[in-house]
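Take a look at the structure set out below.
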Amino acid sequence: MNAVLHAPPMPLDRLGRPLHDLRLSVIEACNFRCGYCMPADRVPDDYGMDAAARLSFDEIETLVRGLARLGVRKLRLTGGEPLLRKRLPELVARLAAIDGIDDLALTTNGALLAGQARALRAAGLRRITISLDALDPVLFRALSGGRGDLAGVLAGVAAAEDAGFARIKFNCVVQRGVNDGQVLPLVERFRGSGHIVRFIEYMDVGTCNGWDAARVVPSAALRDRIHARWPLHPLDPNYRGEVASRYGFDDGAGEVGFVSSISAPFCGECHRARVSADGRLYTCLFAAEGTDLRPVLADGEAALADHVAGLWTRRGDRYSELRGRAGVSRRHVEMFLVGG
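So, in structure tokens, the structure goes:
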């Protein structure tokens, strides 16, 4: 008789939150230098670890298999810029075949997407999110640290559509006096397309982005601005713990979303862990330290699952709810290491 394999119990953290989502960075390097993430004056052009320091595809597969045992169902590949990782479609195919992973997605700046969209779709990628902070080509280039070409990104969008990605999400980090004038043009560009624009409040992630609360535009103000032009109504979340608040257009032309970590923290519903390209687990976007998983990865997926379960049960992160209180540290992992 075959032995029955029992999965470990699904761990809950100290606030009763399960582990359902994983953001996995496949590379720490990026071809852009966006000021809120990887500013050019703080991160040199030659930044990036030796390839051997990154998790191998075998290690990544073991990691994801182990976390799937703990209840992870949503997996998002991030960077840096994940399309810089060599042979990425090969990795996607391996991860898409893992039992339990129901949602495999990728976040990209879109600059390299035109040449890879079809291969990624064929490998099993089902969803793409593109960071897009402006539709004005001059402003777009400036916001990317002088490295981004809007036409190339829009070509990547077209290639993704042609490959079968019918519902792309576009993330725009809004900064007052910087790109808040791009909100209505972005909505207008993608209304009725089947795609979704999401506006993200400028967050105090990392320590190198010079965050200033005065540059935060609350989601409520953006929602009211859009509503005045195209009336909106609230929509229910797609699932428990969804970070974006959803609003539909009254005329049926789709929806927009708002991620409000500053004005309306959602820590109580956070089911997400992050792993950096070199294999460190971070239990919060605003964590200061990560835990190196590489040594236990060598022992296989079951050992990895047991180890992470123990780490997760000790998790008590809720930085966004505590922001600004005395004694709360502003020393956080840099966004480009854990994918935002």
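For what it's worth, numbering that gives the first Met the number 0 labels the leading residue of the sequence shown as 0, then goes sequentially.
No residue lacks a Cβ here, since even glycine has one placed at the ideal position from N, Cα and C.
The model shown is predicted, which means the values in this text are computed figures rather than measured ones.
{"Query": "The region 15-29 contacting the region 74-91, beta-carbon criterion three pairs below 8 Å", "Result": "yes"}
{"Query": "For Gly256: DSSP bridge partner residues", "Result": "Arg197 and Arg245"}
{"Query": "Length of the line joining the Cα atoms of Gly47 and Arg53", "Result": "10 Å"}
{"Query": "Inter-residue Cα distance where the pair is Glu333 and Thr206", "Result": "7 Å"}
{"Query": "Residue environment, Ser260, which counts as buried when at least 16 other CB atoms sit within 10 Å", "Result": "buried"}
{"Query": "Identity of the residue in Gly99, Pro88, Ser319 and Leu94 nearest His19 by Cα", "Result": "Gly99"}
{"Query": "Alpha-carbon spacing of His194 relative to Trp229, whole angstroms", "Result": "16 Å"}
{"Query": "Contacts around Val280, its chain only, beta-carbon distance under 7 Å, and the 5 residues preceding and following it disregarded", "Result": "A small fix is needed here, since residue 280 is Leu in this sequence, not Val. These residues qualify, in order along the chain: Ala272, Val274, Gly289, Thr290, Leu292, Val307 and Leu310."}
{"Query": "Three-state class that DSSP yields for Cys266 in the structure shown", "Result": "helix"}
{"Query": "Which residues DSSP lists as bridging Asp98, in chain order", "Result": "Answer is none; Asp98 lacks a bridge partner."}
{"Query": "Buried/exposed call for Arg13, threshold 16 Cβ in 10 Å", "Result": "exposed"}
{"Query": "Assigned secondary structure, Leu321 (DSSP; H/G/I helix, E/B strand, else coil)", "Result": "helix"}
{"Query": "Closest Cα partner of Cys171 within the set Pro17, Tyr318, Pro217 and Ile129", "Result": "Ile129"}
{"Query": "Status (buried if at least 16 other CB within 10 Å, exposed otherwise) for Arg239", "Result": "exposed"}
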